[in-house]
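In case it helps, this note's numbering puts the sequence shown at residues 119 to 402. For every residue, glycine included, the Cβ atom is placed at its ideal position computed from N, Cα and C. Keep in mind that this is a model prediction, so the values were computed, not measured. What follows is a short report on a single structure.
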Amino acid sequence: MTKRTGLFTMLVIFFLIGFWVRYVKSSYDVNFYLMEKYSNDAECLNGPLFSQSMLQDYMDEMDEHGWDQNLNANYVYHYMFWDPDKVTYGQDSNYLDDGMIGFIGAHGGVNASNHIYISMNRFNAITNSCKVIPYDQMQLGDIANGNKWLHLDSCHSMHVDDNALQSWRPVFQGVHQIDGFHGNGWISDQLLDDYGNFANHSHILAIAREWVQELTEFDFDGDVDLCPVAYTGRYTEDSCEDILTNEKYPTPGQINLLYADTPSPTVWRRHYRAGCDPNAGDPL
119 MTKRTGLFTM LVIFFLIGFW VRYVKSSYDV NFYLMEKYSN DAECLNGPLF
169 SQSMLQDYMD EMDEHGWDQN LNANYVYHYM FWDPDKVTYG QDSNYLDDGM
219 IGFIGAHGGV NASNHIYISM NRFNAITNSC KVIPYDQMQL GDIANGNKWL
269 HLDSCHSMHV DDNALQSWRP VFQGVHQIDG FHGNGWISDQ LLDDYGNFAN
319 HSHILAIARE WVQELTEFDF DGDVDLCPVA YTGRYTEDSC EDILTNEKYP
369 TPGQINLLYA DTPSPTVWRR HYRAGCDPNA GDPL
């Protein structure tokens, strides 16, 4: 081997090692999209939220477990959630779908078509709307090392009445699980420890079970309950049950422990606490 060939070979090896480290490491990201100020555009005016302070213990726990975290607070735009196959100018592969965990804090609801929506704090001229409609505009997990788990701290983000939560089904293009709330969600420092426990416990226990276990609150606001729901889609009932009862956050570096992606699943299951009775929703 000549010196020139040897040098070239070493450069290629260093490049590949660098690419591999970045490729694997960058996937172990938690991407936060927290809309706290809703006074940016008059069309999108809504009450302020304080998701970041409520999620601080979650962030601290994920940091201790070795996750990289990217915080987008207030400067959150529709295109960060849009899939380019669904909406022109969608760039989710650079944002929400670029990393294993996505966490959205926002207002939300269900529209006249019975589809769940995320209320953005900026008006978008392309869709002439302040809303992102997951059913029509989002796909997750359809890129290499894309999103595996999406958590939403948002009212009606997993609304069960009239099967509104089915509006998430087209979004499942590799994402393993989407978690949200039936009825009204709440942003409160009373939940600070609960979110911290959820982050910590989900490395050793099932994410879905911990989402429901830690965040269900009976009589949270008077006689109103807080009702989290975990939702998954796979190809078989057994596989759905496996996700809901066994899938955990991997410690960065445990990429071989990840469950397989399931694009366009055909079987659906949800996990929740029976009897939970939220504001603006029927009892589960």
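Query                                                                                                                   : Result
Outcome for Leu344 when other beta-carbon atoms lying within 10 angstroms are tallied against a minimum of 16           : buried
Rounded separation between Gly184 and Gln174 - CA only                                                                  : 16 Å
Rounded distance between the beta-carbons of Glu179 and Gly314, thought under 8 Å                                       : 5 Å
Buried versus exposed, by CB contacts within 10 Å (16 or more), Leu167                                                  : buried
Neighbour-count burial assignment, Thr384, 16 or more Cβ in a 10 Å radius                                               : exposed
Residue nearest to Thr228 in terms of C-alpha spacing, selected from Asp215, Glu359, Asp360 and Trp286                  : Per the sequence shown, the amino acid found at residue 228 is Val instead of Thr. Nearest C-alpha to Val228: Trp286.
Neighbourhood of Tyr151 by C-beta, 6 Å cutoff - its chain only, sequence neighbours within 5 removed                    : Asn190, Val194 and Ile222
Reduced DSSP category for Glu365 - H, G, I as helix; E, B as strand; rest coil                                          : coil
Simplified DSSP state of Met153, which is helix, strand or coil                                                         : coil
Inter-residue CB distance, Pro396 and Val347 (contact presumed, cutoff 8 Å)                                             : With a Cβ gap of about 10 Å, Pro396 and Val347 do not count as contacting.
His233 (DSSP reduced to helix, strand or coil)                                                                          : coil
Contact under 9 Å by Cβ, Asp147 with Ile251                                                                             : no
Span separating the alpha-carbon of Thr369 from that of Asp203                                                          : 32 Å
Separation of His196 from Asn364, as counted between CA atoms                                                           : 33 Å
CB contact flag (Asn192, Lys249, <9 Å)                                                                                  : no
Helix, strand or coil at Gln412 according to DSSP, with G and I counted as helix                                        : Absent from the structure is residue 412, since the part of the chain shown begins at 119 and ends at 402.
Neighbourhood of Tyr377 by C-beta distance below 7 Å, restricted to the same chain and skipping five residues each side : His294, Ile361 and Glu365
Status (buried if at least 16 other CB within 10 Å, exposed otherwise) for Ile296                                       : buried
Secondary structure of Cys358, DSSP reduced to three states                                                             : helix
Nearest candidate by alpha-carbon position, reference Trp267, set Leu310, Cys162, Gly208 and Val289                     : Val289
Segment limits, beta strand (DSSP E) that includes Phe338                                                               : Glu335 to Asp339
Cβ-Cβ distance between Gly340 and Gln291 below 9 Å                                                                      : no
Whether His233 touches Asp254 by CB criterion (9 Å)                                                                     : yes
Cross-strand partners of Pro252 (DSSP beta bridge)                                                                      : Answer is none; Pro252 lacks a bridge partner.
Boundaries (first-last residue) of the alpha helix (DSSP H) holding Gly314                                              : Leu310 to His319
Cβ pair Asp356, Ile305 closer than 9 Å                                                                                  : no
Through-space distance from Met238 to Ser169, alpha-carbon basis                                                        : 14 Å
Reduced DSSP category for Tyr195 - H, G, I as helix; E, B as strand; rest coil                                          : coil
Extent of the continuous beta strand (DSSP E) to which Tyr349 belongs                                                   : Val342 to Arg352
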